[in-house]
Every structure is written in structure tokens, then in C-alpha cells.
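Novice: Sending over a structure as C-alpha cells; questions will come in a sec.
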Amino acid sequence: MSRNTLPVLTVVLAIFLLWYIAAIFLNAAWAHDKATRSGEVLTTQTLVADTWSQEKPKLPAPHQVGAEIWKTTVEKKITSKRSLIYHSWVTLSATLIGFALGTGLGIALAVGIVYNRTMDMSVMPWVIASQTIPILAIAPMIIVVLNAVGISGLLPKAMISMYLSFFPVVVGMVKGLRSPDAMQLDQMRTWNASATQTFWRLRLPCSMPFLFTSLKIAMAASLVGAIVGELPTGAVAGLGARLLAGSYYGQTIQIWSALIMAAALAAALVALIGFVQRMTLKRMGMA
Amino acid sequence: MQEAAVQMPDTVPGQSVISAHHLDLTFQTNDGPVHALKDVSLDIAKGEFVSFIGPSGCGKTTFLRCMADLEHPTGGEITVNGVSPEEARRSRAYGYVFQAAGLYPWRTIGGNVRLPLEIMGYSKAEQAERVARVLELVELAGFENKFPWQLSGGMQQRASIARALAFDADILLMDEPFGALDEIVRDHLNEQLLKLWARTQKTIAFVTHSIPEAVYLSTKIVVMSPRPGRITDVIDSPLPPDRPLDIRDTPAFLEVAHRVREGLRAGHGDE
Ligand SMILES: Nc1ncnc2c1ncn2[C@@H]1O[C@H](COP(=O)(O)OP(=O)(O)OP(=O)(O)O)[C@@H](O)[C@H]1O
Ligand SMILES: [Mg+2]
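Heads up: the sequence lines are chains H and G, in that order. Here the first sequence stands for residues 52 to 338, numbered as in the numbering used here. Here the second sequence stands for residues 255 to 525, numbered as in the numbering used here.
Okay, structure coming up:
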């Protein structure tokens, strides 16, 4: 662990440095405008100070985003409509439901593809085709159609999450379920094992490393799906809604804090899967 | 003319456990047909220990796989316990030991040995009793809760033999089970295998590349040669059933080994 600290810190430091420098250049124009209007003369020092403290900067400085996140998480009650934790929870719930549905659908399709010749020949092209359509084009249609049949709120967003997350699971699980070698399958045959027994005792355990890798990708895709699902509805809650509202009113600091929150959420979820993966594979003797 | 040298054992067909008549098997490959077995006839009587020896690619594995219903002959007949290999497989008539131990890394040694028992629907109590008994048999008692990676290669191979012994198959098919092990471990396992065979009275078909191993273990040695794969000699061993390791230095042993070597050489010169 400690061996990694120095390189990680160096990278983080470099990112912050670049970020601050970029903020100076991107926000300088506005600072000059302001100065000309009020007849002030900007020294380098005042210019830098101004670019790092504007109210609606093109690129907010890290400490501004940090302060905004602090204000909207720690200092706000969770029930408040302005709490970032509340919005994160709205997005997270759709993400988790979509992830669960997508994983279920993905595994079901993979089992079908591996065990059924017809599905093997026919399903994969459709699965791939489904992912070539841009999600931004599909999302509004899903929301509108589901709204028309009286389903709104969480479920449409979860559907979009599912749409994005089932794909890596299908691909990974098909490969995983096919990963037992010929000898292992022959062995099952010598014991006259049924297809179900072979599935539970051989194919499924063999597919675990593949499944976890897919789940990590699926989780990230789910979060993207949930956020995208919040955009076209003009949703009032969720990280997507914060992004949208922020861009309406030019609240760049709000946009960036929502973005950082989404990134942190994704990192935490993927890390969680990574943890479960390590524990499971270790217990299974496969790591 | 080599075929003339083949000695057909004079066992009564009704008593033979494995009986092949004019077996043919041709694989259709992209490079054209491969004649893996040609006119193979052999009878294995109950309780025999038969070794198959021959150069690489002569069809030893293919023949064993035909007995196990893992490969389907394109001609001739083969019966196992008097029925078709498929029926024999469905009635779990044989245990098959592959060249690699093939233990599941996510199961303990006990769990691995238990696997076929679970599949065959033995009761929990029966499973536990049998696992304990066969692990004892291969001298792995006490390793039941270890995982495969905690065991040496030789121990893993013994566990895979235990797994094939756990259910009541009276035939044991073994495809170079000790091929990957060093000489000393191999000697030890050979000794154990002979004891086990004497104790359990199983019929064993055993593929090997080693002449001493074949002669030491077998009551009958089948010499095969490639392209097309066929039997060139069948040698009934005159050695007594009780075989200490140093029997390998006796004239009788060397005599049989010599005959096997001659058979192998003849098969080679035939190409
Ligand atoms: N599934 C298969 N498809 C095509 N050809 C095969 C197949 N299995 C075996 N063969 C061919 O059949 C021949 C006999 O193979 P086999 O594995 O029985 O030989 P073997 O005597 O066991 O050799 P080794 O001592 O190397 O294990 C070889 O020429 C091999 O290439
Ligand atoms: Mg072989």
C-alpha cells in the first residue's frame, strides 16, 4: 500500500496543478472584461486570484468545487432538495436496479446462447446491434413510451441502465460459461452428469472471473445509463438533473460538483465489486 | 504381415469385460482423414491389468476414449460389460483418470472426490464415508480439507485416482496418469496402484509410454503402432501377481521388457 502512495500522490498533485493553470487561462477573459468595465488595472496576482474565485467560471478551480461539494453534502440535511447526497441517492437507486436487471438479463441470455443452438446463432447479432444505437437517441423514446403506459420515475431510468449494462454481462458470461476445457467436460460426461449438474458444478464456477470483470464494466455503464435517463425528462432529482439544471443557469460549479460526485460514486461501486471479486475468487482458489 | 503376429487372447467372450472386434476409427480433419484405429480387436477379461504402449499418435488415447464412449468408432464393434459403451457410461461402469489431475481449484480435495458422488446422487452420509475410505486408500487421509494448490503434483494425481475410485465402477480407465511425474514419485504410485488393484479386484486399462511401468504393472501388455493405429503385439506377462519394486531387476522382468521393446521396434520399422 505505502509503496503506491508516492506515485498516486504525484499524479494527483500534477492533476491539481494542471487544473489550476487551466482555470487561469480559461477564466482570464472574463476577468479582463470585468476589469475593463470597472476601469481597474489587473496585476498578475489579482488576475490569478480572480480566475480562481469567479461565481460562474468557465472552469471552476478545485477548491471551489470542493467547497460546493462540502456545502451540499455535509452542511445540508439529506432530505433537502439541494443536498448532493439526496441527488446521488436518486441516481444510485436507479443505477442499482438497472444493474441488477441488466446482470439478470445478461446472464439469462448467456445461458441461452451457450445451451441453445438456435439462440447461439440468432441472439448475438441483435445484442451487438442494440449497442450500436446511441443511447441518447433511445433514452427519450424509452422514457416517453413507458410514460405513455403509466410508468414513470425510477423504472424508466433503470431500464436505460439495464439497456447499457446487460451487454458486457452477456459477452463476458458467454465466454465464461464456455471456459471449461474439453477435458473437464469429458470428465462430467464420464460421470453421466446432466446438463443442469454440469452447469452448476462446472460451467458457473468456471465463469466467475469473467463475470466479475463484466460486472465492473456493467456497473459503470449502469451509472451512465441512469444519468442519461435523467436528462430528457427534465427530471427534478438526481445527478443528471443537477447537470441539466447547472447547464441551464450556467452554474459550472454545480455541474462540476455533480460530475465529481458521479465519478466518486462510480469508483466506489466498481471498487466494491472488486472487493467482492477478490474475496470470492480467493475463497474459490482462483485468484 | 505384422497382423499375423497378433495373439488373440483365448478368453471366453461372455466373460470379457471389454471386447473390441475389428474396431475402426477415422477422424475427418481439415487435412483429410486420420486413421486413428484400424482393425483393432482385443478382449480384456475381468480383473486383468492391461497396459497400452506405443509411440505417440498410435491411438492409445483414442482406444481408451472409445471404451469410455467419449469417441465413436466408425467401424467394428465394442462392448463394455457386455453392453454398448454408451449404456456402460450411463450405468457408471467405469472410472476415468485423465492425464492431468483436473481437480477443481474451488473445491477441497474432499470436495473434489465427492463431486462424482454428488452427481450420482449418493446420500450425504454415504458420500462422507466413501470420501474418507478412498482418500485412505490413496494415502491422502488428513488432506480432505486442503485445496488442490496446497498439494504436490503427485498428491493431486492420487486425489484424481481417488475420485475415480469413489463410486462403484469395477473398471478403471487410466490415460498416462503418471506421465507428468518424476521417476521416484512414479515408482511409489505404481506400487500403490498395484496394491489397490489387488485389493479392489478392478479391471484396469492403463496407457503409458514407459516400458518398465507397463511391464511392472500389467498382466497383459498391448503394443500398438501408428499410421494407422493398430495392435501389433499382445504379451501376457508371466510375472507373479505379487511384485516388489525390485522385481524389475529379475531376468523374467527383463525378458518381458525386451519383448515389448522388440514389439515397439517392429511397429516402427513397419512405417
Ligand atoms: N479429436 C481428434 N480429431 C482429429 N484427430 C484426432 C483427434 N484425436 C486424435 N486424433 C488423431 O488420432 C491419432 C491418434 O491419437 P491418440 O491421441 O489416440 O494418440 P496416442 O496414442 O494417445 O498418442 P500420445 O501417446 O501422444 O498420447 C493421432 O494422429 C491424432 O492426431
Ligand atoms: Mg494419448
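All residues carry an ideal CB built from backbone N, CA and C; glycine is no exception. Here the structure is a predicted model, which is why all the values come from computation and not from measurement.
Return helix, strand or coil for Phe281 of chain G, following the three-state DSSP convention.
Specialist: Residue state, collapsed to three classes: strand.
Novice: What would DSSP say about Pro309 of chain G, mapped onto helix, strand or coil?
Specialist: Three-state result, Pro309 of chain G: coil.
Novice: Determine, using beta-carbon pairs with one atom in the segment 363-370 of chain G and one in the segment 381-388 of chain G, whether at least three such pairs fall under 8 Å.
Specialist: The segment 363-370 of chain G vs the segment 381-388 of chain G: in contact.
Novice: Can you tell me the Cα-Cα spacing of Ala209 of chain H and Leu279 of chain G, whole angstroms?
Specialist: Each residue's alpha carbon lies about 56 Å from the other.
Novice: Could you tell me if Val294 of chain G is buried or exposed, where buried requires 16 or more neighbouring beta carbons within 10 angstroms of its beta carbon?
Specialist: Val294 of chain G is buried by the Cβ-count criterion.
Novice: Let me see if you follow: with CB-CB separation under 8 Å, is Arg229 of chain H close to chain G or not?
Specialist: Not an interface residue.
Novice: Return yes when at least one heavy atom of ligand 1 lies under 7 Å from the C-beta of Lys314 of chain G, else no.
Specialist: Checking every heavy atom of ligand 1 against the Cβ of Lys314 of chain G, one is found closer than 7 Å.
Novice: Can you name, in chain order, every residue of its own chain whose Cβ lies under 6 Å from the Cβ of Ala355 of chain G, other than the five neighbours on each side?
Specialist: For Ala355 of chain G, where only same-chain residues beyond five positions count, the Cβ hits under 6 Å are Gln410, Gln411 and Ser414.
Novice: For Leu279 of chain G, return the contacting residues in chain H, with the cut-off set at a CB-CB distance below 7 Å.
Specialist: Near Leu279 of chain G there are no residues of chain H at all, since even the closest Cβ is about 16 Å away, more than 7 Å.
Novice: Just to confirm, are Leu262 of chain H and Leu282 of chain H a CB contact at a threshold of 8 Å?
Specialist: Not a contact, by the Cβ cut-off of 8 Å.
Novice: Using alpha carbons as the reference points, say which of G:Ile501, G:Pro495, G:Glu331 and G:Tyr348 lies closest to Leu419 of chain G.
Specialist: Considering only alpha carbons, the answer is G:Tyr348.
Novice: Under a Cβ-count criterion, where at least 16 other Cβ atoms within 10 Å of its own Cβ denotes burial, should Lys292 of chain G be classed as buried or exposed?
Specialist: Classification for Lys292 of chain G: buried.
Novice: Using the Cβ count rule (16 or more neighbours within 10 Å means buried), how would you classify Asn335 of chain G?
Specialist: Buried: at least 16 other Cβ atoms inside 10 Å.
Novice: Please determine, among H:Trp242, H:Val225 and H:Ser230, the residue with the shortest C-alpha to C-alpha distance to Asp171 of chain H.
Specialist: It is H:Val225 whose Cα lies nearest to the Cα of Asp171 of chain H.
Novice: Out of H:Thr102, H:Leu93 and H:Glu91, which has the shortest C-alpha to C-alpha gap to Ile75 of chain H?
Specialist: It is H:Thr102 whose Cα lies nearest to the Cα of Ile75 of chain H.
Novice: For chain H, check one thing: does any of its Cβ atoms lie closer than 8 Å to the Cβ of Trp451 of chain G?
Specialist: Not closer than 8 Å to any Cβ of chain H, the Cβ of Trp451 of chain G fails to qualify, so no.
Novice: Is there at least one Cβ from chain H nearer than 8 Å to Gly365 of chain G's Cβ?
Specialist: It does not; no Cβ of chain H falls within 8 Å.
Novice: What are the start and end residues of the beta strand (DSSP E) that includes Ser265 of chain H?
Specialist: Unbroken run through Ser265 of chain H is the alpha helix (DSSP H), Leu255 to Glu281; no beta strand (DSSP E).
Novice: Given 7 Å as the limit, tell me if Ala434 of chain G has its C-beta closer than that to any heavy atom belonging to ligand 1.
Specialist: Outside the cutoff, so no.
Novice: Kindly indicate the opening and closing residues of the beta strand (DSSP E) around Ile489 of chain G.
Specialist: Note, Ile489 of chain G: beta strand (DSSP E), Arg484 to Asp490.
Novice: Using a Cβ-Cβ distance under 8 Å, would Thr241 of chain H count as near chain G?
Specialist: For Thr241 of chain H, the answer is yes, since a Cβ of chain G falls inside 8 Å of its Cβ.
Novice: Quick one: is Arg133 of chain H near chain G, going by C-beta distance under 8 Å?
Specialist: No - not a single Cβ of chain G is within 8 Å of the one on Arg133 of chain H.
Novice: Apply the 10 Å Cβ neighbour rule to Lys107 of chain H and answer buried if 16 or more other Cβ atoms are within range, or exposed otherwise.
Specialist: When all chains shown are included, Lys107 of chain H counts as exposed.
Novice: Indicate whether Ala416 of chain G and Arg346 of chain G have their beta-carbon atoms separated by less than 8 Å.
Specialist: No; because the gap between Cβ atoms is not below 8 Å, this pair is not in contact.
Novice: Skipping 5 residues on each side, what residues in its chain have a beta carbon closer than 6 Å to that of Ala511 of chain G?
Specialist: These residues qualify, in order along the chain: Ile465 and Val469.
Novice: Look up Asp232 of chain H in the DSSP assignment and give the residues it is bridged to.
Specialist: Bridge partners of Asp232 of chain H: none, in fact.
Novice: From the DSSP output, in three-state form, read off Lys449 of chain G for me.
Specialist: Lys449 of chain G falls in the helix class under three-state DSSP.
Novice: For a test of the three-state rule: what should DSSP assign to Phe303 of chain G, helix, strand or coil?
Specialist: If DSSP states are grouped into helix, strand and coil, Phe303 of chain G belongs with the strands.
Novice: Helix, strand or coil: which one does DSSP assign to Asp264 of chain G?
Specialist: Reliability fails at Asp264 of chain G, whose pLDDT of 40 lies under 50, so the model's placement of it is uncertain and no value is given.
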